[in-house]
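Peer 1: Same order as they appear, the protein sequences are chains A and B. The opening residue of the first sequence carries number 1 in this note's numbering; numbering runs sequentially from there. The opening residue of the second sequence carries number 385 in this note's numbering; numbering runs sequentially from there. In this text, a Cβ means the ideal position worked out from N, Cα and C, and glycines have one as well. Bear in mind that the values here come from a model prediction, so they are computed numbers and not experimental data.
Protein chains: 2
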Amino acid sequence: MSQPGFGFRVTHTSGGARCGIMTTAHGEVDTPAFMPVGTQGAVKGVTHRDLEGSGAQILLSNTYHLYLRPGDDLIARRGGLHRFIGWSKPILTDSGAYQVFSLAERRTISEEGAHFRSHLDGSAHLLTPEKATDIQAQLGSDIAMVLDECLAYPSTVDAARESMQRTLRWARRARTRLLELRDGPVAGVAVSNPAQAQFGIVQGGVYHELRQESADATVDIGFDAYAVGGLSVGEPIDLMYDLVGRTTPRLPPDRPRYLMGAGTPTDLVEAIARGIDLFDCVLPTRNARNGQLFTSAGRLNIKNARYAQDDRPPDPECGCYTCRTCSRAYLRHLYVAGEINAATLNTLHNLYFYLDTLRRIREAIVFGRFESFRLEFHQRASQS
Amino acid sequence: MSQPGFGFRVTHTSGGARCGIMTTAHGEVDTPAFMPVGTQGAVKGVTHRDLEGSGAQILLSNTYHLYLRPGDDLIARRGGLHRFIGWSKPILTDSGAYQVFSLAERRTISEEGAHFRSHLDGSAHLLTPEKATDIQAQLGSDIAMVLDECLAYPSTVDAARESMQRTLRWARRARTRLLELRDGPVAGVAVSNPAQAQFGIVQGGVYHELRQESADATVDIGFDAYAVGGLSVGEPIDLMYDLVGRTTPRLPPDRPRYLMGAGTPTDLVEAIARGIDLFDCVLPTRNARNGQLFTSAGRLNIKNARYAQDDRPPDPECGCYTCRTCSRAYLRHLYVAGEINAATLNTLHNLYFYLDTLRRIREAIVFGRFESFRLEFHQRASQS
Numbered sequence: 001m002s003q004p005g006f007g008f009r010v011t012h013t014s015g016g017a018r019c020g021i022m023t024t025a026h027g028e029v030d031t032p033a034f035m036p037v038g039t040q041g042a043v044k045g046v047t048h049r050d051l052e053g054s055g056a057q058i059l060l061s062n063t064y065h066l067y068l069r070p071g072d073d074l075i076a077r078r079g080g081l082h083r084f085i086g087w088s089k090p091i092l093t094d095s096g097a098y099q100v101f102s103l104a105e106r107r108t109i110s111e112e113g114a115h116f117r118s119h120l121d122g123s124a125h126l127l128t129p130e131k132a133t134d135i136q137a138q139l140g141s142d143i144a145m146v147l148d149e150c151l152a153y154p155s156t157v158d159a160a161r162e163s164m165q166r167t168l169r170w171a172r173r174a175r176t177r178l179l180e181l182r183d184g185p186v187a188g189v190a191v192s193n194p195a196q197a198q199f200g201i202v203q204g205g206v207y208h209e210l211r212q213e214s215a216d217a218t219v220d221i222g223f224d225a226y227a228v229g230g231l232s233v234g235e236p237i238d239l240m241y242d243l244v245g246r247t248t249p250r251l252p253p254d255r256p257r258y259l260m261g262a263g264t265p266t267d268l269v270e271a272i273a274r275g276i277d278l279f280d281c282v283l284p285t286r287n288a289r290n291g292q293l294f295t296s297a298g299r300l301n302i303k304n305a306r307y308a309q310d311d312r313p314p315d316p317e318c319g320c321y322t323c324r325t326c327s328r329a330y331l332r333h334l335y336v337a338g339e340i341n342a343a344t345l346n347t348l349h350n351l352y353f354y355l356d357t358l359r360r361i362r363e364a365i366v367f368g369r370f371e372s373f374r375l376e377f378h379q380r381a382s383q384s
Numbered sequence: 385m386s387q388p389g390f391g392f393r394v395t396h397t398s399g400g401a402r403c404g405i406m407t408t409a410h411g412e413v414d415t416p417a418f419m420p421v422g423t424q425g426a427v428k429g430v431t432h433r434d435l436e437g438s439g440a441q442i443l444l445s446n447t448y449h450l451y452l453r454p455g456d457d458l459i460a461r462r463g464g465l466h467r468f469i470g471w472s473k474p475i476l477t478d479s480g481a482y483q484v485f486s487l488a489e490r491r492t493i494s495e496e497g498a499h500f501r502s503h504l505d506g507s508a509h510l511l512t513p514e515k516a517t518d519i520q521a522q523l524g525s526d527i528a529m530v531l532d533e534c535l536a537y538p539s540t541v542d543a544a545r546e547s548m549q550r551t552l553r554w555a556r557r558a559r560t561r562l563l564e565l566r567d568g569p570v571a572g573v574a575v576s577n578p579a580q581a582q583f584g585i586v587q588g589g590v591y592h593e594l595r596q597e598s599a600d601a602t603v604d605i606g607f608d609a610y611a612v613g614g615l616s617v618g619e620p621i622d623l624m625y626d627l628v629g630r631t632t633p634r635l636p637p638d639r640p641r642y643l644m645g646a647g648t649p650t651d652l653v654e655a656i657a658r659g660i661d662l663f664d665c666v667l668p669t670r671n672a673r674n675g676q677l678f679t680s681a682g683r684l685n686i687k688n689a690r691y692a693q694d695d696r697p698p699d700p701e702c703g704c705y706t707c708r709t710c711s712r713a714y715l716r717h718l719y720v721a722g723e724i725n726a727a728t729l730n731t732l733h734n735l736y737f738y739l740d741t742l743r744r745i746r747e748a749i750v751f752g753r754f755e756s757f758r759l760e761f762h763q764r765a766s767q768s
């Protein structure tokens, strides 16, 4: 049942952390990996070549946005998302669920799927597990996600159970649909990437027992790999780490584990310590556009007046283009003056910071010193 | 009187066109040259490295904007504009006059200079010929422009004469001031680039006799080189070419000639045919942000619906990053979706198109076939 074009191999472990290589139809990804978010087929403010230059090996793109505009039919006719956007490395697409729950208007959920209206033009749509699978097949990403229900935080245990069980039923339907698409032509669906893998998603809110039930049942369905969803939505941070730490042991060790939507650099370190391999988050890119830079000495708000005459780079320890060529004074000027280049330069730095942090983590794991890296990381973070 | 750090050497001629090398304190510029406009110390949407990659050898920046924000004092304390923005190649700054006339509020002109209020915060300012010289000395550009009066079009011959004569008086004051700054320390002015050259500006509206008088008198003052100002402001295009063609012979052949604010690719070819060496214009960058691309087959509006499924690059003959990696369909999607990347990718293309056109012009001049280049250029443009 597993996808021949997709693979994963753990190469090193250090404590609970692990290093590996994930293989896709568009190349390999060194894990733990961070996936920059290219919402509409582009990481805002950064060209693909600069993205690659920052060390990105895989891109995440949003099914909800691409489905609404320019449409998965159009992208399939262009030969799929890779060709359409000119990115030849791996791509993961989400199912669209998160944006339906956070962005769309007049959303109603039924057993069938999610009815919603487009935030662009108010048009009515129905996103079912099958439809989310079809759209991603047409996009031709290397990794597709199943449609899940995104539970609000906080929720009662009963609401969380009901939602988790619906997500399980949806996951079975999504898996059935993907296997139909793999088996042969399905009318109206152009499979842009026959080697596409599909990941299941563990839900269950903040309730250990529900997450364990979800993990076991999702693994029973048999996906190419598994994600932990529905976290980093407002719950206490230690609770998130605890839930992650108690979920990963129930996921197959020979498959990558993806913590969806997280997080801060600290979140990444802590989740990796608990056996997570993949991450995505808008934090480095969105915060960059708002003038917030992640540095080895903590966060830095470039709009702050005290940087107006500061000739130092944002992070003297960073090797990115922005830190090699721009002072805080110049970056502040660009931000205050409303220049597009502020978004570009800040995003280049934040992505490099995230991706470089992961490079250093992988190196620490390879040399069996992840725990000392983790300790030092937290000591530095607490000093800033 | 001429500036030791500044030089110009004509290496080839072909008809009225000429190829040369302009030397500045920050390196050489092959002429004819186009100067991308980096209004506030950055070309909107393009990093310096991409700008260099497009072939830019010199950048233009706007004194009005930098004076108001972040201020020439702050930039001087940072070591000058080159260091502040991290651009090590030549920079030309304008005098601020054009923006005072086009952007500032409540502007009044007296013999002393231009009183105006900032478009940013309404604060009152007086820009005199001396002040414009001082600001540019603090910025430390390689080439400073004298403050001139920007005449509205159309204007009567009397108004044009009066304005031209005031520009001449201002030019003498600006020259005197620069020589004072070169001679020794002047209180309150930090000279960031002692090798800064200063260009005079020929005015006179659309009146040949006034422009000839202006040219002769400006050359008599003795600047490092000369610009033709006040054109490309709405006058008939043939009249502009005619005025340029009758002005350049009165300017010293051993100094570069700069046509300010022009223009379309056709304008560049025609002005080069009349002996112009330097250009600046917001057209390639501003139009790029509005979705208009310059191509070898004419202009292309990427927002047009007919490009939604067009897999061709913007210009199949272009070798720029955008044309090598993006289809019209993708660029249209980015533009319609409001992505910053549309501005970046379109600007990269338009700048490359302009700079590559100049490379080809220089090559044509070197091989003595500028006239056949010009003929072919117009034939292709008329077919689109």
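Using the beta-carbon count (16 or more within 10 Å), is E270 of chain A buried or exposed?
Peer 2: buried
Peer 1: State the CB to CB distance for the pair G464 of chain B and G524 of chain B, rounded to an integer number of angstroms; the pair is presumed to be in contact (CB under 8 Å).
Peer 2: 3 Å
Peer 1: Helix, strand or coil: how does DSSP classify T415 of chain B here?
Peer 2: Residue state for T415 of chain B is assigned as strand, using DSSP reduced to three classes.
Peer 1: If we call anything under 7 Å between Cβ atoms a contact, is R640 of chain B one with T741 of chain B?
Peer 2: Note that residue 640 of chain B is Pro in the sequence shown, not Arg. Result no, Cβ atoms of P640 of chain B and T741 of chain B do not sit closer than 7 Å.
Peer 1: Could you work out which residue in B:A574, B:Q693, B:N730 is closest to Y705 of chain B when comparing CA atoms only?
Peer 2: For the residues B:A574, B:Q693, B:N730, the minimum Cα distance to Y705 of chain B belongs to B:N730.
Peer 1: Would you mind listing the beta strand (DSSP E) stretches within the stretch 429 to 507 of chain B that are 3+ residues and don't spill past its ends, in chain order?
Peer 2: Secondary structure remark: continuous beta strand (DSSP E) runs of at least 3 residues inside the stretch 429 to 507 of chain B, in chain order: 443 to 445, 475 to 477, 489 to 493, 498 to 501.
Peer 1: Would you say C318 of chain A reaches chain B, if we count a Cβ-Cβ gap shorter than 7 Å as a contact?
Peer 2: no
Peer 1: Can you tell me which of A:L127, A:G204, A:T167, A:D216 puts its alpha carbon nearest to the alpha carbon of P154 of chain A?
Peer 2: A:G204
Peer 1: Does chain A have any CB closer than 7 Å to the CB of C534 of chain B?
Peer 2: no
Peer 1: Got a sec, what are the start and stop residues for the alpha helix (DSSP H) Y736 of chain B sits in?
Peer 2: 724 to 750
Peer 1: Helix or strand or just coil, what does DSSP make of R312 of chain A?
Peer 2: Three-state DSSP puts R312 of chain A in coil, outside helix and strand.
Peer 1: Which residue's Cα is closest to the Cα of D310 of chain A: B:T447, B:T431, B:L458, B:G572?
Peer 2: B:L458
Peer 1: Of all the beta strand (DSSP E) runs that stay within the bounds of the stretch 612 to 643 of chain B, which reach a length of 3 or more residues?
Peer 2: 641 to 643
Peer 1: Return the first residue and the last residue of the beta strand (DSSP E) that S398 of chain B is part of.
Peer 2: 391 to 398
Peer 1: With a threshold of 8 Å, are at least 3 pairs of Cβ atoms found where one atom belongs to the stretch 52 to 72 of chain A and the other to the stretch 708 to 721 of chain B?
Peer 2: yes
Peer 1: Where does T648 of chain B fall in DSSP's three states?
Peer 2: coil
Peer 1: Ignore the nearest five residues each way along the sequence and tell me which others in A516 of chain B's own chain have a CB closer than 6 Å to its CB.
Peer 2: S479, G480, L531
Peer 1: Below 8 Å on C-beta distance, what does G86 of chain A contact in chain B?
Peer 2: T709, C710, S711, Y714
Peer 1: Anyone know if the C-beta pair for P314 of chain A and L300 of chain A falls short of 7 Å?
Peer 2: yes
Peer 1: Does the pairing of the stretch 37 to 56 of chain A with the stretch 112 to 121 of chain A give three or more beta-carbon distances under 8 Å?
Peer 2: At 8 Å Cβ cutoff, the stretches do not touch.
Peer 1: Within the 7 Å Cβ cut-off, does A681 of chain B reach chain A?
Peer 2: No, no contact with chain A.
Peer 1: Quick check on the DSSP output: what are the complete alpha helix (DSSP H) runs of length 4 or more inside the stretch 527 to 593 of chain B, in order along the chain?
Peer 2: You should have 541 to 567.
Peer 1: So with CB distances below 9 Å, who are the chain B contacts of G275 of chain A?
Peer 2: The premise fails here: G275 of chain A is roughly 35 Å from chain B at the closest Cβ pair, so nothing lies under 9 Å.
Peer 1: With a cut-off of 7 Å, does the C-beta of I724 of chain B fall near any C-beta of chain A?
Peer 2: yes
Peer 1: State yes or no: is the C-beta of T247 of chain A within less than 7 Å of the C-beta of V202 of chain A?
Peer 2: yes
Peer 1: To the nearest angstrom, report how far apart I109 of chain A and E149 of chain A are at their CA atoms.
Peer 2: 9 Å
Peer 1: Starting from C707 of chain B, trace the alpha helix (DSSP H) in both directions and tell me its first and last residue.
Peer 2: 705 to 709
Peer 1: Using only the alpha-carbon positions, how far apart do A581 of chain B and Y625 of chain B sit?
Peer 2: When rounded, the separation of the alpha-carbon atoms in A581 of chain B and Y625 of chain B is 27 Å.
Peer 1: Mind checking if H82 of chain A is an interface residue toward chain B, Cβ cutoff 7 Å exclusive?
Peer 2: Closer than 7 Å: no.
Peer 1: Taking Cβ positions, are G647 of chain B and Y719 of chain B nearer each other than 7 Å?
Peer 2: No, Cβ-Cβ distance for G647 of chain B and Y719 of chain B is not below 7 Å.
Peer 1: So the candidates are A:R77, A:E111, A:Q40; which of them puts its Cα closest to the Cα of Q99 of chain A?
Peer 2: A:Q40
Peer 1: Could you have a look at A409 of chain B and say whether DSSP puts it in helix, strand or coil?
Peer 2: coil
Peer 1: Any Cβ of chain A within less than 7 Å of the Cβ of R490 of chain B?
Peer 2: no
Peer 1: Can you tell me whether G234 of chain A is buried or exposed? The criterion is at least 16 other CB atoms within 10 Å of its CB, across all chains shown.
Peer 2: exposed
Peer 1: Round the Cβ separation of A195 of chain A and G5 of chain A to the nearest angstrom and send it over; I've been treating them as touching at under 8 Å.
Peer 2: Yes, A195 of chain A and G5 of chain A are in contact; Cβ-Cβ is about 3 Å, under 8 Å.
Peer 1: When we look at the beta-carbon of F294 of chain A and count the other beta-carbons within 10 Å, is it buried (16 or more) or exposed?
Peer 2: buried
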